[in-house]
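Trainee:
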Amino acid sequence: MKKFMQSSELARDDRFKRVQIPIEFLTAEEVSLEQIQQTFKTLQTNPEMKKAMEERGGVSLGGRMRPTDDMAPLKIKSQMHGIFMGEIQALEGAGRSCWDFTDDQELPWKFQLDMARQCWDETRHVETYSALLDHVDAEIGEFAENVMLFEFACSDDPAERVVGVNRCLEGLALDVFNETIRFGKAADDECIWRSVDYVAADEVTHVRFGQVWSKALTEGDPERRRKVLAFQRKVDGVFSFGGIRGSYDSRTNEELMPLAVELRKLAGFTDEDIQEVRDAGPKIKELI
Ligand SMILES: [Fe+2]
Ligand SMILES: [Fe+2]
Numbered sequence: 017m018k019k020f021m022q023s024s025e026l027a028r029d030d031r032f033k034r035v036q037i038p039i040e041f042l043t044a045e046e047v048s049l050e051q052i053q054q055t056f057k058t059l060q061t062n063p064e065m066k067k068a069m070e071e072r073g074g075v076s077l078g079g080r081m082r083p084t085d086d087m088a089p090l091k092i093k094s095q096m097h098g099i100f101m102g103e104i105q106a107l108e109g110a111g112r113s114c115w116d117f118t119d120d121q122e123l124p125w126k127f128q129l130d131m132a133r134q135c136w137d138e139t140r141h142v143e144t145y146s147a148l149l150d151h152v153d154a155e156i157g158e159f160a161e162n163v164m165l166f167e168f169a170c171s172d173d174p175a176e177r178v179v180g181v182n183r184c185l186e187g188l189a190l191d192v193f194n195e196t197i198r199f200g201k202a203a204d205d206e207c208i209w210r211s212v213d214y215v216a217a218d219e220v221t222h223v224r225f226g227q228v229w230s231k232a233l234t235e236g237d238p239e240r241r242r243k244v245l246a247f248q249r250k251v252d253g254v255f256s257f258g259g260i261r262g263s264y265d266s267r268t269n270e271e272l273m274p275l276a277v278e279l280r281k282l283a284g285f286t287d288e289d290i291q292e293v294r295d296a297g298p299k300i301k302e303l304i
């Protein structure tokens, strides 16, 4: 079986619609609200969502979803679809990490075992979110997929791999899940909040794998640790989606996506780590 696949090689059937990753926007130091709006529009393929964006002259930046909003039914479909795609890519990322480094004699066998355990969990998550797509009356392909998450799961260093997948991708999952649980409770939809809560418990373990392995694999090698940390900052920046997660304060808390502080702490994040994630995104000109 091939090792070190690229994101363009991921197999999908014809239900899935893939959009390009706006890499320049995601790695910019500073962005404007207009650029964020424009990028979100470009990534959107759902006609109903596109129409709503045009009528409103913009999009909400991914902040709090409320069941009482008239866009809530469409937004929860989009949210579930996005998470479903994220779970598939997390499965693919962990699966590749399990297989790509089998020739590395220095890598402890327990690394592969942890990655295999993660694959087992992610498979269950894909099934859970497939059922949640049915629950909110959404279908695969109703929204686009971008393979950004997998894109940062392609490093040839296993320490960078766990940073990209386990710390950054899974950390983002905790933030998104936290907001989805909040939505499910506000909507009094027990199916949503209990299912997502159940999956979130596994993700805490996966984030912890990232914390533990990135430190263990760079122990006694300051050069490699520096390189891995630089990669971590880059991916945290990219996963802030142009700064909509992170550069907020009490003024913008309702508009932007808050970090799941409690869940991240359960996974081993310190206050300092959380602040680093907050600061990782580009500055949004209008919010400075
Ligand atoms: Fe997952
Ligand atoms: Fe996970």
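Heads up: the sequence shown begins at 17 in my numbering, then just goes up one per residue. Positions of the beta carbon are idealized from the N, C-alpha and C atoms, including for glycine.
So, at 6 Å on beta carbons, what are the nonlocal neighbours of Phe168 in its own chain, with the 5 sequence-adjacent residues on each side left out?
Mentor: Gly180 and Val251
Trainee: Any chance you could list the residues with Cβ under 7 Å from a heavy atom of ligand 2, keeping chain order?
Mentor: Ala106, Gln134, Asp137, Glu138, His141, Glu186, Ala189, Asp218, Glu219 and His222
Trainee: Quick one: Cα of Phe32 to Cα of Phe41, how far?
Mentor: The straight-line gap from Cα to Cα measures roughly 24 Å.
Trainee: Helix, strand or coil: how does DSSP classify Cys170 here?
Mentor: coil
Trainee: With Arg34 and Val163 assumed to form a contact (beta carbons below 8 Å), what rounded beta-carbon distance in angstroms separates them?
Mentor: 7 Å
Trainee: Kindly list the residues whose CB is nearer than 8 Å to the CB of Thr58, restricted to its own chain and excluding five residues on each side of it in sequence; keep chain order.
Mentor: Val35 and Pro38
Trainee: Which same chain residues end up closer than 7 Å to Ala88 when comparing Cβ atoms and leaving out the 5 residues on each side of it in sequence?
Mentor: Met81 and Arg82
Trainee: Given 7 Å as the limit, tell me if Val179 has its C-beta closer than that to any heavy atom belonging to ligand 1.
Mentor: no
Trainee: Considering only the alpha carbon of each residue, which of Gln291, Glu122 and Ala202 lies closest to Ala232?
Mentor: Glu122
Trainee: Can the beta-carbon of Ala44 be found closer than 8 Å to that of Pro298?
Mentor: In contact: Ala44 and Pro298 (Cβ atoms closer than 8 Å).
Trainee: Since Val212 and Thr196 should fall inside the 8 Å C-beta cutoff, what is the C-beta to C-beta distance between them, to a whole number of angstroms?
Mentor: 5 Å
Trainee: Is it true that the region 130-138 meets the region 54-69, where meeting means three or more beta-carbon pairs spaced less than 8 Å apart?
Mentor: In short, these stretches do not touch, since the Cβ pair count stays below three.
Trainee: Per DSSP, what are the beta-bridge partners of Arg34 in this structure?
Mentor: Glu161
Trainee: Between which two residues does the alpha helix (DSSP H) carrying Leu107 extend?
Mentor: Ala88 to Asp116
Trainee: At which residues does the alpha helix (DSSP H) containing Asp137 begin and terminate?
Mentor: Note, Asp137: alpha helix (DSSP H), Trp125 to His151.
Trainee: Got a sec, what are the start and stop residues for the alpha helix (DSSP H) Asn194 sits in?
Mentor: Glu186 to Ala202 is the extent of the alpha helix (DSSP H) around Asn194.
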